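Visitor: Below you'll find the structure I mean.
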Amino acid sequence: MAIGSSELATSLGSGYHLPAWFTMSITASNITKRFGSFVAVDDVTVSCPSGQLVALLGPSGSGKTTLLRIISGLEAADTGTVRYETEDITHRSAKDRHVGFVFQHYALFRHMTVFENVAFGLRVRKRPEAEVQSRVRELLRLVRLEEKAQQYPSSLSGGQKQRIALVRALAPEPRVLLLDEPFGALDAKVRMELRTWLRRFHNEFHVTTIFVTHDQDEAFEVADQVVVMNKGRVEQQGTPIEVFEHPANAFVIDFLGNVNKLPVRVEGGRALFGEKSQVELPTRMLSPTKDGLADAYIRPHELDISRSPEGGNAMRAQIVHINPAGSIVKVRLLAEDFGLMINVDLTLERYRQLGLKSGESVHITPCEATIFPVDYSI
Ligand code: ATP
302 MAIGSSELAT SLGSGYHLPA WFTMSITASN ITKRFGSFVA VDDVTVSCPS
352 GQLVALLGPS GSGKTTLLRI ISGLEAADTG TVRYETEDIT HRSAKDRHVG
402 FVFQHYALFR HMTVFENVAF GLRVRKRPEA EVQSRVRELL RLVRLEEKAQ
452 QYPSSLSGGQ KQRIALVRAL APEPRVLLLD EPFGALDAKV RMELRTWLRR
502 FHNEFHVTTI FVTHDQDEAF EVADQVVVMN KGRVEQQGTP IEVFEHPANA
552 FVIDFLGNVN KLPVRVEGGR ALFGEKSQVE LPTRMLSPTK DGLADAYIRP
602 HELDISRSPE GGNAMRAQIV HINPAGSIVK VRLLAEDFGL MINVDLTLER
652 YRQLGLKSGE SVHITPCEAT IFPVDYSI
């Protein structure tokens with residue numbers, strides 16, 4: 302069963318008196334990890350301030366899970382240090398680090414009831430029965446699954462299992478919480494609901510959390526800070542707005558997706574696009590770009606459509622498809638002179654004002670382009 306919005310509204314509101322969390326910052330410095338001759342994590346430094354939620358974001362194989370396992374103590378780094386606050390815990394076992402871990406595949410104990418699953422970490426630590434009872438009930442109430450206490454995991458939906466996995470990890474009051482694609486196995490709708498839920502949950506608990514995902518939307522919606530990884534290295538760490546508005550390089554802007562990429566020639570600080578008909582793009586030069594070949598990145602909302610060529614930098618294009626569903630109208634066009642498909646997002650108001658039809662010829666005007674040298678691959 303998915304979590305309804307009314308359930309969300311009440312599930313984390315108030316009334317729970319959980320202990321103030323003993324949470325701490327995490328710093329992994331100059332971490333390198335090889336598997337044979339393959340470098341999975343290459344001199345990486347990341348930090349997660351106390352009480353924040355940091356997302357490790359990157360394509361498959363970029364080293365996110367390996368880094369998370371090193372931070373948790375499940376894997377040993379070849380070089381580098383891991384600190385919780387100022388304490389060097391590089392050589393401590395996972396057990397001694399007091400980490401809460403949640404994986405993509407629920408990993409609940411199938412032969413134990415929901416209650417006993419959540420109680421597990423407390424029983425291992427031989428906590429008094431009265432404390433186990435009150436704490437588990439409190440946590441189950443928090444995730445609105447009290448009525449499932451005596452059932453077995455097989456009777457829960459995927460989303461419910463992940464909520465149980467999360468409170469099971471939280472029950473022994475870990476110093477940090479590490480989540481590895483916790484919603485990866487769930488369908489899109491439940492994923493969306495759980496990410497909203499996780500954010501609210503985090504706002505309530507403030508446990509320092511590192512969250513691995515390859516889903517940009519998930520990272521941007523949930524995290525205080527995003528670490529973008531590629532090929533075992535960190536491309537950028539910053540708040541979602543910093544990373545979105547000031548991508549450090551071509552990899553970051555491309556990986557964040559939903560961007561038009563145009564091959565350009567840079568000449569004396571001007572970005573020129575096209576051979577026969579040449580267009581000068583209005584630019585935001587984020588890195589010093591030498592004269593020569595480069596790529597211009599333009600997000601769909603940074604383009605406008607008009608019926609006549611406006612200014613000196615309009616491109617003729619034919620409308621191929623219009624998707625008017627939603628508050629933003631998505632228009633796909635073919636710029637024939639340049640042999641390029643271009644996506645433009647228009648407000649509903651602008652779309653209605655223009656009265657666009659599929660198949661007709663119009664002009665596209667770029668408002669702002671970000672230029673990076675051609676020097677990376679995903
Ligand atoms: P995904 O999103 O697919 O889980 P990831 O970014 O989490 O990817 P990792 O799982 O950290 O990436 O893997 C990074 C690289 O290290 C991959 O190429 C992987 O094949 C390799 N790797 C990871 N663990 C091992 C291992 N135990 N032995 C050999 N190679 C490994």
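In this note's numbering, the protein residues as written are 302 to 679.
Glycine included, every Cβ here is placed at the ideal spot set by N, Cα and C.
Since the structure is predicted, the reported quantities are computational estimates derived from the model, not experimental observations.
Could you work out which residue in Phe673, Asp638, Ile672 and Arg653 is closest to Ile665 when comparing CA atoms only?
Guide: Asp638
Visitor: Mind checking whether Pro360 and Gly422 have CB atoms under 7 angstroms apart?
Guide: no
Visitor: Under 7 angstroms between the Cβ atoms of Val645 and Asp596?
Guide: Not a contact, by the Cβ cut-off of 7 angstroms.
Visitor: Using three-state DSSP, classify Asn559 as helix, strand or coil.
Guide: coil
Visitor: Within 10 Å of its beta-carbon, does Ala551 have 16 or more other beta-carbons around it, so buried, or fewer, so exposed?
Guide: Classification of Ala551: buried, given that the 10 Å Cβ count is 16 or more.
Visitor: For Asn504, which of Glu576, Ile672, Thr366 and Asp525 has the nearest alpha-carbon?
Guide: Asp525
Visitor: Pick out the complete beta strand (DSSP E) segments inside the stretch 494 to 534, 3 residues or longer, and give them in chain order.
Guide: 509 to 514 and 526 to 531
Visitor: Leaving aside the five residues before and after Gly533 along the sequence, list all residues of the same chain whose C-beta is less than 6 angstroms from its C-beta, in chain order.
Guide: Val340, Ala341, Val342, Asp343 and Gly364
Visitor: Could you please give me the residues that DSSP links to Tyr652 through a beta bridge?
Guide: None; Tyr652 has no bridge partner.
Visitor: Out of Gly613, His602 and Glu669, point me to the one whose CA is closest to Tyr652's CA.
Guide: His602
Visitor: Tell whether a beta-carbon distance below 7 angstroms holds between Glu482 and Gln538.
Guide: No. Outside cutoff.
Visitor: Between the stretch 321 to 336 and the stretch 374 to 389, do three or more beta carbon pairs fall short of 8 angstroms?
Guide: Result yes; three or more Cβ-Cβ pairs closer than 8 angstroms.
Visitor: Would a C-beta distance cut-off of 7 angstroms place Asn614 and Glu581 closer than the cut-off?
Guide: yes
Visitor: Between Thr514 and Leu358, is the Cβ-Cβ spacing less than 7 angstroms?
Guide: yes
Visitor: Tell me where the beta strand (DSSP E) around Arg633 begins and ends.
Guide: Ile629 to Ala636
Visitor: Buried or exposed for Ser373, going by 16 or more other Cβ atoms inside 10 Å?
Guide: buried
Visitor: According to the Cβ coordinates, are Pro548 and Glu669 closer than 7 angstroms?
Guide: no
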